[in-house]
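When you line the sequence shown up against our numbering, it's residues 3 to 216, in that order.
C-beta atoms are modelled at their ideal positions from N, C-alpha and C, and glycine is treated no differently.
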Amino acid sequence: MKIFADTAIIKEIEEASSWGIISGVTTNPSLIAKSGITLTEAIDKIVNLVDGPISAEVKESNAEAMVEEAKTYAKIHKNIVIKIPMTIEGVKAVKELTKLNIKTNVTLVFSMSQALMASSAGATYVSPFMGRIDDLTEKDDAGFKLVKDIKEMFKTYNFKTKIIAASIRHINHVEQAMKAGAEIATIPYKVLKKMVKHELTTKGLKIFAEAQEK
Ligand code: G3P
Numbered sequence: 003m004k005i006f007a008d009t010a011i012i013k014e015i016e017e018a019s020s021w022g023i024i025s026g027v028t029t030n031p032s033l034i035a036k037s038g039i040t041l042t043e044a045i046d047k048i049v050n051l052v053d054g055p056i057s058a059e060v061k062e063s064n065a066e067a068m069v070e071e072a073k074t075y076a077k078i079h080k081n082i083v084i085k086i087p088m089t090i091e092g093v094k095a096v097k098e099l100t101k102l103n104i105k106t107n108v109t110l111v112f113s114m115s116q117a118l119m120a121s122s123a124g125a126t127y128v129s130p131f132m133g134r135i136d137d138l139t140e141k142d143d144a145g146f147k148l149v150k151d152i153k154e155m156f157k158t159y160n161f162k163t164k165i166i167a168a169s170i171r172h173i174n175h176v177e178q179a180m181k182a183g184a185e186i187a188t189i190p191y192k193v194l195k196k197m198v199k200h201e202l203t204t205k206g207l208k209i210f211a212e213a214q215e216k
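Right, dumping it as structure tokens:
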């Protein structure tokens, strides 16, 4: 499973990409607002830090306007993927962008039906939101089941759309995404940092350091 950074904070992307394990970046309007820069400024910087798919979300909500907005982002760099919300207008925009050979990531996906709509329109990626579906259902495996069901459905019908497991809140979500067969997980910086840690690793390092001193 490939690791994407789910952030628009440039310092976080710089740091995580220096580890050599980041294959792409996803942003959304909330993450852009948090970064303190505009979407275009963020894209301009991120394309120089990560050589992989970089999702930029449209602000428009009508299909024609979404397509026009998408074209302006797609022109910036070959790695730009247009993030489109799961609505009827969004589905129409994805269909159009697919014809134009512009890659898309359909976001805010919470059911197999929505994933089917996105995939049928030609979406390059779908983003099921694990954390938010867990919150809604008050279950800690609803996100896992969602990703697993979508994965099986894509396999059954031979859809080429890839799954980006999103709304990842903790390491368990990352591991559930792997078990469910997501091709990609987009992970916030604070979870990325936790992924290298284990209490027994810390304990083991201490024991070895003490042994070396002796
Ligand atoms: O990639 C989508 C993600 O950023 C949403 O996460 O934590 O706001 O549900 P969250």
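Query: Distance cut-off 7 Å: A168 Cβ against heavy atoms of the ligand G3P; Result: yes
Query: Classification of P55 by the beta-carbon crowding that lies within 10 angstroms, buried from 16 upward; Result: buried
Query: Coil, strand or helix - E62 by DSSP; Result: coil
Query: Residue environment, P31, which counts as buried when at least 16 other CB atoms sit within 10 Å; Result: exposed
Query: Spatial distance of T29 from E215 (CA atoms); Result: 46 Å
Query: Where Y159 sits in the DSSP three-state scheme; Result: coil
Query: Limits of the alpha helix (DSSP H) - the one that T100 falls within; Result: 90 to 101
Query: Neighbour-count burial assignment, T109, 16 or more Cβ in a 10 Å radius; Result: buried
Query: Run of the alpha helix (DSSP H) containing T40, from where it starts to where it stops; Result: No alpha helix (DSSP H) holds T40; DSSP gives it neither H nor E.
Query: Three-state class that DSSP yields for L51 in the structure shown; Result: coil
Query: Any non-hydrogen atom of the ligand G3P within 7 Å of D142 CB; Result: no
Query: Given A117 as reference, the closest of T139, A167, D143, D137 once Cα atoms are compared; Result: A167
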